[in-house]
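Q:
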Amino acid sequence: MLPEERATDSIWERAGRAVIESESRFRSLVEAASDWVWEIDQNGRYIFASSRIQDLLGYAPEEVLGKTPFDLMPPSEAARVSALFADVVAEPHPFSHLVNVNLHRDGHEVILESCGTPFFDENGDLAGYRGFDRDITARVRDEEDLRRSRIQLSEAMKLAHVVCWQADPVSDTLEVDDAFLALHGTTFDREGGYRIGREDYVQRFLHPEDRPRFYEVLKQCAQPGATDCVIAYENRIVRGDGTARHLMTRIRVLKDPDGTILRAYGTAQDITEQKEAEAEQERLLAVLRTALAEVKTLSGLLPICSSCKKIRNQAGEWEQMEVYIRDRSGADFSHGICPECAKRLFPDL
77 MLPEERATDS IWERAGRAVI ESESRFRSLV EAASDWVWEI DQNGRYIFAS
127 SRIQDLLGYA PEEVLGKTPF DLMPPSEAAR VSALFADVVA EPHPFSHLVN
177 VNLHRDGHEV ILESCGTPFF DENGDLAGYR GFDRDITARV RDEEDLRRSR
227 IQLSEAMKLA HVVCWQADPV SDTLEVDDAF LALHGTTFDR EGGYRIGRED
277 YVQRFLHPED RPRFYEVLKQ CAQPGATDCV IAYENRIVRG DGTARHLMTR
327 IRVLKDPDGT ILRAYGTAQD ITEQKEAEAE QERLLAVLRT ALAEVKTLSG
377 LLPICSSCKK IRNQAGEWEQ MEVYIRDRSG ADFSHGICPE CAKRLFPDL
């Protein structure tokens, strides 16, 4: 063998060893990865699956070879994802963050997030996809719980007529939402967004008689002291249509150790109906007190003559019934005559 041939063989041997070492490192990385790494052919069937699939779906890698990803999904999910994937392979391009529901070997659902990229043969035709799947079941469940909690909180706030806001001390503005704007009789379009300047809010919506109290609260917020304080007070607003509403406002102020206000959060609860009910109750109580002051009541056992109907008073004297009742109840009498007595006393009339 010529020296040149021995040198050529040595180059190919070194290249072969390098390829083997590279593949070995790649497979070690794949098996060590927390995600399930896979490869499918142009027909969408698995030709490689890392061992991570056993942790995710309970299958050994060799059990899924020849299957498609849709074979591991519930029928309705398989139909949905296959329609999406058809668009991907129509003009082969990478995809990411494809959320899909799979069935574990024991039957429970596992939510995966898939990412993949196409690879091609020597003729430039699509040969398949390589990618990985990540288990996001816990994250999706947490997001769903959070979404459900937000809905419940939103409904509870609607029932309680409560809206929320936060203040930015740097821009001196209030950051609000649609519920806050609706309470004040305005809209996003009318305000040009979800920010209202503090002084603009005071002049347009705060009842003139309650503005001094508002500025007192601002002074309280700015006083040095605790880095976290809560202030509650009642105030009135004048809505966009000119009607007034009573609010219970609660403010939470966060400050740094130097006393600089970092952020202020608050809620406003519409207590108009409650205030109106309290005012009506006070009015009825006033009417009742007046009535009680004007009326004297009689109670107990009254000794009355069965013949002349006089009543014996506490001094033992007998008084006409009209006099007795008048002096003790405040009632007065007007006298007339009933038909029976008229016939008996005046038979000729």
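Once you know that position 259 of the sequence shown is 335 in the numbering used here, the rest is easy, because the numbers rise by one and skip nothing. Note that CB positions come from ideal geometry on N, CA and C, so glycine has one too.
1) So who's on the other strand from residue 242, going by DSSP bridges?
2) Name, in chain order, the residues that DSSP records as bridge partners for residue 314.
3) Among 184, 223, 404 and 192, which one has its Cα closest to the Cα of residue 172?
4) My output table needs one value for residue 143: the three-state DSSP class, helix, strand or coil.
5) Please report the Cβ distance between residue 178 and residue 148, rounded to the nearest whole angstrom; I am assuming they are in contact, meaning their Cβ atoms lie under 8 Å.
6) Sort out for me which residues DSSP pairs residue 194 with in a bridge.
7) Return the Cβ separation of residue 313 and residue 281 in integer angstroms, given the expectation that the two are a contact with Cβ distance under 8 Å.
8) Would the beta-carbon of residue 261 fall within 8 Å of that of residue 217?
9) Which class does residue 400 belong to by DSSP, given the choice of helix, strand or coil?
10) Should residue 183 be labelled buried (16 or more other beta-carbon atoms within 10 Å of its own) or exposed?
11) Using DSSP bridges, identify the partner residues of residue 419.
12) What three-state label does DSSP hand residue 366 in the structure shown?
13) Please state whether the Cβ-Cβ distance between residue 271 and residue 292 is less than 8 Å.
14) Once DSSP output is grouped into helix, strand and coil, what is the label at residue 336?
15) Do you know how far the Cα of residue 359 is from the Cα of residue 273?
16) Which of the three DSSP states is assigned to residue 325 in this structure?
17) Could you check how far apart the C-beta atoms of residue 117 and residue 207 are, in whole angstroms? I think they sit under 8 Å.
18) Spatial neighbours of residue 343 within its chain, please: C-beta separation below 6 Å, excluding the five flanking residues on both sides.
19) Which whole-angstrom value is the C-beta distance of residue 265 and residue 112, which I expect to be below 8 Å?
20) Could you work out which residue in 269, 124 and 197 is closest to residue 256 when comparing CA atoms only?
21) Can you tell me which of the three DSSP states residue 331 falls into?
22) Under a Cβ-count criterion, where at least 16 other Cβ atoms within 10 Å of its own Cβ denotes burial, should residue 145 be classed as buried or exposed?
23) Ordered along the chain, which non-local residues of its own chain (more than five positions away) have a Cβ less than 6 Å from that of residue 125?
24) Restricting to runs no shorter than 3 residues, where is the beta strand (DSSP E) found entirely within the stretch 130 to 183?
25) Is it true that the CB of residue 303 sits closer than 8 Å to the CB of residue 330?
26) Could you check which residue in 294, 394 and 320 has the C-alpha nearest to that of residue 285?
27) Where residue 398 and residue 408 are concerned, what is the direct C-alpha to C-alpha distance, given to the nearest angstrom?
A: Straight from the coordinates:
1) 251 and 341
2) 320
3) 192
4) coil
5) 5 Å
6) 205
7) 5 Å
8) No.
9) helix
10) exposed
11) Paired residues: none, contrary to the question.
12) When DSSP states are grouped into helix, strand and coil, residue 366 belongs to the helix group.
13) In this structure, the beta-carbon distance from residue 271 to residue 292 does not fall below 8 Å.
14) For residue 336, the secondary structure class from DSSP, reduced to helix, strand or coil, is coil.
15) 39 Å
16) strand
17) No, residue 117 and residue 207 are not in contact; Cβ-Cβ is about 13 Å, not under 8 Å.
18) 238, 240 and 326
19) About 49 Å; that fails the 8 Å criterion.
20) Distances from the alpha-carbon of residue 256 to those of 269, 124 and 197 put 269 closest.
21) strand
22) buried
23) The answer, listed in chain order, is 114, 137 and 140.
24) 171 to 179
25) yes
26) 320
27) Each residue's alpha carbon lies about 8 Å from the other.
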